[in-house]
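Peer 1: In our numbering, the protein residues as written are 647 to 818. Think of the CB as a built atom: it goes at the ideal place given N, C-alpha and C, for glycine as much as any other residue.
1) Candidates 692, 745 and 665: which alpha carbon is nearest residue 685's?
2) To the nearest angstrom, how far is it from the Cα of residue 755 to the Cα of residue 790?
3) Three or more C-beta pairs closer than 8 Å, one from the segment 674-685 and one from the segment 720-739: is that the case here?
4) Taking Cβ to Cβ, would you say residue 742 is nearer than 8 Å to residue 796?
5) Considering only residues of the same chain and omitting the five flanking positions on each side of residue 693, which have a CB-CB separation below 8 Å?
6) Quick one: using the 10 Å Cβ neighbour count with 16 as the cut-off for buried, is residue 767 buried or exposed?
7) Mapping the DSSP letters down to three states, classify residue 762 as helix, strand or coil.
8) Looking only at its own chain, which residues have a Cβ that is under 8 Å from the Cβ of residue 830, when we skip the five neighbours before and after it?
9) So what's residue 742 in DSSP terms, helix, strand or just coil?
10) Identify whether residue 730 lies in helix, strand or coil by the three-state DSSP scheme.
11) Compute the Euclidean distance between the alpha carbons of residue 699 and residue 752, then round it to the nearest angstrom.
12) In terms of residue numbering, what span does the beta strand (DSSP E) encompassing residue 703 cover?
13) What does the Cβ neighbour count give for residue 655, buried or exposed, with the cut at 16 atoms within 10 Å?
14) Contact defined as beta carbons within less than 8 Å: I believe residue 672 pairs with residue 709. What is the distance between those atoms, to the nearest angstrom?
15) Give me the Cα-Cα distance between residue 800 and residue 786, rounded to the nearest whole angstrom.
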């Protein structure tokens, strides 16, 4: 007998429903993430460095009283030159009741995609491990790589939540 997880049940309930994705560029590839997780889009600002953090974790900023880690996905996935200037974009996300910023090359558009327009992710050929992808969507003669940003940001590979929890425990 097959068991159905609550995540699978939720996915089945939304089949055919429209979902909105914010699209962004990393190198030459266009990615999308669920717009419901986007808090705001900002320009890059100087960060406070964290000792011994991986090079893709640029540091933290104070965003209206919240200490927000900034992850440069360009560095993490080695997909483009990591320059920081007035054109550098940071997407602030709500992930598990916390705010996390991700640095991307540019923000493109908001797209509507139905579940049946999403193709399974490939097992190779993209910067993200396929377990962090929701799939691929055909949009305007191209493909948009749909990222499960919550799964990516909370992964051990990125390691933000573990390090944030350790910092919080150390300050108690």
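Peer 2: Taking the coordinates as given:
1) 745
2) 11 Å
3) yes
4) yes
5) 704, 705, 706, 707 and 716
6) buried
7) helix
8) No answer is possible for residue 830: the residues shown for the chain start at 647 and end at 818.
9) coil
10) coil
11) 24 Å
12) 703-709
13) Model confidence at residue 655 stands at a pLDDT of 44, short of 50, so the residue's coordinates are unreliable and nothing is read from them.
14) About 22 Å separates the two Cβ atoms, so there is no contact after all.
15) 31 Å
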